[in-house]
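Numbering (the numbering used here), first residue to last: 1 to 452.
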């Protein structure tokens with residue numbers, strides 16, 4: 001077929017996507033193949049949409065394809081065709097109708113989708129429709145098979161004691177080892193292995209962290225302290241948590257519940273396949289492997305789990321929970337989520353809320369009328385007052401939750417924060433606290449650097 005002069009070429013956009021660094025589907029190789037197709041077929045590429053390092057399983061995170069669809073649907077475009085290497089680059093959607101839907105949106109807006117590396121013409125014929133749908137099924141099936149292979153490999157590696165992703169608790173470190181098991185070095189926060197043949201194993205952390213872990217178990221099991229009290233005491237003693245962060249109830253809970261503290265790596269508690277929802281697996285499917293010497297005794301760890309179950313309300317009848325709340329009311333003269341969480345003999349406030357349809361329902365069972373706030377419309381809070389309230393709570397507790405905001409008599413309900421700032425996350429950010437994992441890591445690194 002003869003080449004077409006530049007003046008007669010049809011303006012087109014190209015969409016390129018690469019989920020891994022595989023050379024066959026590199027951005028450069030896709031661009032080269034599309035350019036060759038365009039030269040022969042008479043297209044001129046005037047726009048490029050790129051999704052580098054993005055999976056084709058869903059639209060989530062694929063800003064390039066999202067922008068393409070937006071430009072096509074709204075008419076903000078200067079092209080009349082879209083060039084894609086093949087059906088799999090358009091997507092490996094598990095529902096083939098999803099892939100067809102996005103192509104239909106383009107076609108309905110008068111923009112044709114051309115698959116440059118496929119052996120069929122995307123001309124709307126019956127043969128084209130059958131082959132294209134088959135290709136979509138094959139693209140989805142490839143991802144399903146790959147996911148299954150990866151899952152089997154990860155389970156096997158976990159059985160051998162090699163770490164398979166996820167965060168590690170305080171007091172534990174990651175040791176990089178070669179393929180023949182020779183130790184290399186301890187990985188720092190955020191560091192990853194450089195060679196695919198290397199493996200990562202768990203080892204106990206520094207002696208000061210090990211002592212802190214044992215102290216946490218003594219405080220929780222031996223002294224019957226609440227997790228909130230433990231976090232506050234550790235912060236008062238300026239004992240840093242993971243990567244120099246402050247202690248929170250969640251961080252203390254992670255230490256108390258991680259079986260790495262007794263030397264066992266537990267994997268496959270949850271399953272998430274191909275961008276789908278996270279599902280909890282039954283204990284019979286868990287993989288439990290001994291990977292190191294225990295930091296605390298198994299008997300002490302078992303007592304901590306029993307204590308945790310009691311705090312979660314599993315060991316209490318509803319009447320027992322009411323009796324304990326009445327006792328707390330007599331001792332304190334009032335009730336709040338913070339008072340309940342700091343009490344050593346009651347379940348946490350979340351448990352009361354779940355059993356009684358909210359804290360107010362729990363208060364009503366013991367005859368306590370929660371002090372009503374002045375309606376927010378009657379009090380004029382400035383933005384600075386609201387943000388200062390968040391900072392004050394963080395300075396007091398080491399963290400901020402909706403329950404703490406609701407329990408604070410000097411602050412409005414969290415709905416006002418949402419109405420004023422758009423969301424609680426945005427309010428946290430305006431108050432100066434990190435709202436993403438990257439920001440949290442950066443802030444922790446700055447604090448660690450300032451301590452040096």
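Note that the Cβ used here is the ideal one computed from N, Cα and C, for glycine as well.
Sequence-distant residues of its chain with Cβ nearer than 8 Å to residue 373 (five each side left out): Model confidence at residue 373 stands at a pLDDT of 47, short of 50, so the residue's coordinates are unreliable; what they give is reported in the following sentence. Here residue 373 has 409, 412 and 413 as same chain residues with Cβ atoms under 8 Å from its own Cβ, once five neighbours each way along the sequence are excluded.
For residue 356, the nearest candidate out of 319, 264 and 258 (CA to CA): It is 319 whose Cα lies nearest to the Cα of residue 356.
For residue 279, the residue or residues it bridges with in DSSP: In the DSSP assignment, residue 279 forms a beta bridge with 271.
Proximity below 8 Å, CB of residue 255 to CB of residue 171: Taking a C-beta distance under 8 Å as the contact criterion, residue 255 and residue 171 qualify as a contact pair.
Where residue 319 sits in the DSSP three-state scheme: Here residue 319 sits in helix by DSSP.
Backbone secondary structure at residue 185 - three-state DSSP: The answer is strand: DSSP assigns residue 185 an E or B state.
Boundaries of the alpha helix (DSSP H) in which residue 137 is found, first to last residue: Where residue 137 is concerned, the enclosing alpha helix (DSSP H) starts and stops at 126 to 159.
Residue 74 classed as buried or exposed, judged by whether at least 16 other C-beta atoms fall within 10 angstroms: Exposed: under 16 other Cβ atoms inside 10 Å.
Span of the beta strand (DSSP E) around residue 200: Unbroken beta strand (DSSP E) run through residue 200: 199 to 204.
Endpoints, alpha helix (DSSP H) assigned at residue 403: Looking at the DSSP string, the run of the alpha helix (DSSP H) that includes residue 403 is 402 to 407.
Minimum length 4: unbroken alpha helix (DSSP H) runs contained in the region 12 to 60: Taken in chain order, the whole alpha helix (DSSP H) runs of length 4 or more contained in the region 12 to 60 are 27 to 41.
Same chain only: Cβ atoms within 6 Å of residue 399, ignoring 5 sequence neighbours per side: Excluding residues within five positions, the ones whose Cβ falls inside 6 Å are 248.
Under the three-state DSSP convention, the category residue 121 falls into: Coil.
CB of residue 62 within 8 Å of CB of residue 71, strictly: The Cβ atoms of residue 62 and residue 71 lie no closer than 8 Å to each other.
Expected contact under 8 Å - CB spacing of residue 44 and residue 10 to nearest Å: With a contact defined as Cβ atoms closer than 8 Å, residue 44 and residue 10 qualify at about 7 Å.
Beta bridge counterpart(s) of residue 84 as assigned by DSSP: Paired residues: 15 and 115.
Where residue 8 falls, given that 16 or more other Cβ within 10 Å makes a residue buried: Answer is exposed; the Cβ neighbour count stays below 16.
Beta-carbon gap between residue 292 and residue 183 smaller than 8 Å: No, Cβ-Cβ distance for residue 292 and residue 183 is not below 8 Å.
Residues bridged to residue 10 [DSSP beta-bridge criterion]: In the DSSP output, where bridge partners are listed per residue, residue 10 has 43.
Cross-strand partners of residue 173 (DSSP beta bridge): Answer by DSSP bridge pairing, in chain order: 203.
Cutoff 6 Å; reference residue 387; Cβ partners in own chain excluding five residues on either side: So the qualifying residues of the chain are 430 and 431.
Proximity below 8 Å, CB of residue 139 to CB of residue 84: In this structure, residue 84 does not lie closer than 8 Å to residue 139 by Cβ.
Spatial neighbours of residue 453 in its chain, beta-carbon cut-off 8 Å, leaving aside the 5 residues before and after: Examination of residue 453 is not possible in this model, given that the chain is present from 1 through 452 alone.
Close Cβ partners of residue 210 (< 8 Å) along its chain, the five nearest in sequence each way excluded: Exclusion of the five residues before and after residue 210 leaves 171, 204 and 295 as the residues of its chain whose Cβ lies within less than 8 Å of its Cβ.
Secondary structure of residue 2, DSSP reduced to three states: Any reading at residue 2 is ruled out, since the residue's pLDDT is 45, under 50, leaving its predicted position unreliable.
Distance, residue 396 Cα to residue 425 Cα: If I take the Cα positions, the gap works out to 19 Å.
Counted within 10 angstroms of its Cβ, other Cβ atoms place residue 146 as buried (16 or more) or exposed: Burial check for residue 146: the Cβ neighbour count within 10 Å stays below 16, so the residue is exposed.
C-alpha gap between residue 465 and residue 366, whole angstroms: Nothing about residue 465 can be read from this structure; the chain reaches only from 1 to 452.
Whole-number beta carbon distance between residue 78 and residue 455, since they are thought to touch under 8 Å: Outside the displayed span of the chain (1 to 452) sits residue 455, for which this structure offers no information.
Where residue 428 falls: helix, strand or coil (DSSP): Helix at residue 428.
Supposed close pair residue 381, residue 226 - CB separation, criterion 8 Å: Beta-carbon to beta-carbon, residue 381 and residue 226 are separated by about 31 Å, too far to satisfy the 8 Å threshold.
Extent of the continuous beta strand (DSSP E) run through residue 390: That residue, residue 390, is in no beta strand (DSSP E); its alpha helix (DSSP H) goes 383 to 397.
Alpha-carbon spacing of residue 91 relative to residue 98, whole angstroms: The alpha-carbon separation between residue 91 and residue 98 amounts to approximately 9 Å.
Euclidean distance between Cα positions of residue 213 and residue 327: Going by the C-alpha atoms only, they are around 32 Å apart.
DSSP three-state assignment for residue 89, whether helix, strand or coil: Residue 89: helix per DSSP, three-state reduction.
Short Cβ contact (8 Å threshold) for residue 288 with residue 264: Yes, the Cβ-Cβ distance between residue 288 and residue 264 is below 8 Å.
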